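A short worksheet on the structure shown next.
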Amino acid sequence: MREGIRLFKGGKYEQALEALLQIDVPPEQYPEQAYYLGLSYAKLEQFDEALLYLEQVAASDLDFARIFQGRLIIGYIYAVTERYRLAEFEFNQLLEEGYESPKVYAALAFTLYKQEKTAQSISLLEKALELDPENPNALNSLGFILADKEIRVGVALQYCRRAYDHNPRNPAYQDSLGWAQFKCGNIREAIRYLSMARQQMKGNSEVERHWAVVSRAAEKV
45 MREGIRLFKG GKYEQALEAL LQIDVPPEQY PEQAYYLGLS YAKLEQFDEA LLYLEQVAAS
105 DLDFARIFQG RLIIGYIYAV TERYRLAEFE FNQLLEEGYE SPKVYAALAF TLYKQEKTAQ
165 SISLLEKALE LDPENPNALN SLGFILADKE IRVGVALQYC RRAYDHNPRN PAYQDSLGWA
225 QFKCGNIREA IRYLSMARQQ MKGNSEVERH WAVVSRAAEK V
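In short: position in the sequence shown from 1, add 44, done, that's our numbering.
Laid out in structure tokens, this is it:
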């Protein structure tokens with residue numbers, strides 16, 4: 045077990061799985077093993093397997109932090125696999141049970157935005173920032189949504205810039221800042237940040253869509 049955890053923490057997820065699967069105890073009887081198996085499969089984007097083990101964690105008697113983390117990742121998996129209604133249900137359940145945190149509010153906001161529930165999404169992100177005014181994920185998400193929907197674009201730009209300042213190397217923050225710059229009419233700055241995002245997220249459909257729109261606008265200037 046220790047070897048599996050060590051490998052997982054070292055980012056060696058496939059080797060971690062090999063070590064964890066050699067443990068001669070069924071994971072449902074050993075929630076600690078199920079927890080790290082679920083995390084490892086999630087890191088490898090083998091989502092069905094991850095859900096299998098994380099559901100065991102959610103029903104276990106592990107400590108609060110690990111159950112919360114496991115259930116949060118279950119919601120994330122549903123979101124990234126575009127099962128937004130299931131993700132919405134999971135995140136709402138966490139809030140109803142008292143697992144209130146900026147992470148949950150921001151994650152729920154994302155799933156609602158993807159379902160075109162923009163006003164609710166904005167409200168949840170504002171709640172996340174009430175709890176943690178410098179939460180970069182919430183800042184970035186709120187800034188992006190406001191910019192994308194052309195709502196208070198100047199404020200959107202400020203949010204995106206603050207998120208970017210927390211981690212200038214994050215391509216998602218670069219993309220959002222570039223898009224907000226474009227929505228504010230700053231085409232040269234938009235190209236600068238979107239170029240950064242494209243270098244790190246080659247082939248990402250959303251980044252490429254933003255780049256195409258900004259490039260066409262630049263040609264007309």
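Glycine included, C-beta positions come from ideal geometry on N, C-alpha and C.
Please read these numbers as outputs of a predicted model, since none were measured by experiment.
Around the CB of Arg242, 16 or more other CB atoms lie within 10 Å, so the residue is classed as buried. For Tyr237, the uninterrupted alpha helix (DSSP H) run begins and ends at 231-244, by DSSP.
The C-beta separation of Met45 from Glu76 comes to about 7 Å, placing the pair in contact by the 8 Å criterion. Our two residues, Leu221 and Arg236, have alpha carbons roughly 10 Å apart in a direct line.
A Cβ-Cβ distance of about 17 Å is found for the pair Ala234 and Gln244, leaving them out of contact under the 8 Å criterion.
Distance from the CA of Gln100 to the CA of Ala78, rounded to the nearest whole angstrom, comes to 7 Å.
When the alpha-carbon of Gly54 is set against those of Arg232, Gln73, Tyr80, Ile67, the nearest one is in Tyr80. Assigned with DSSP and collapsed to three states, Ser145 falls in coil, not helix or strand. A Cβ-Cβ distance of about 5 Å is found for the pair Leu173 and Ala182, placing them in contact under the 8 Å criterion.
If you compare the alpha carbons of Ser259, Leu96, Lys227, Ile117 with that of Ser239, the shortest gap goes to Ser259. Its chain contains Arg242 as the residues whose beta carbon lies nearer than 8 Å to that of Glu252, once the 5 sequence neighbours on both sides are disregarded; these appear in chain order. Close CB contacts of Arg110 within its chain, under the 6 Å cut and outside five residues either way in sequence, are with Tyr79 (chain order). If you look at Val199, you'll find it in the alpha helix (DSSP H) that goes 197-210.
With fewer than 16 other Cβ atoms from the protein chains shown falling within 10 Å of its own Cβ, Phe108 counts as exposed.
Residues Glu47, Gly48, Leu51 of the same chain have their beta carbon placed closer than 7 Å to that of Ala63, with the five preceding and five following residues left out of the count. Nearest to Tyr217 by C-alpha distance, out of Leu201, Ala262, Pro146, is Leu201. Sequence-distant partners of Ser185 (beyond 5 residues in either direction) whose C-beta falls short of 7 Å from its own C-beta, in its chain, are Ala150, Ala153, Phe154, Leu169.
Spanning the alpha carbons of Glu178 and Ala207 requires a straight line of approximately 8 Å. Residue environment analysis places Lys246 among the exposed positions, since fewer than 16 neighbouring C-beta atoms fall within 10 angstroms of its C-beta. Counting only the Cα atoms, Tyr85 lies some 11 Å from Lys56. Taking the CA atoms as reference points, Ala131 sits about 16 Å from Leu96.
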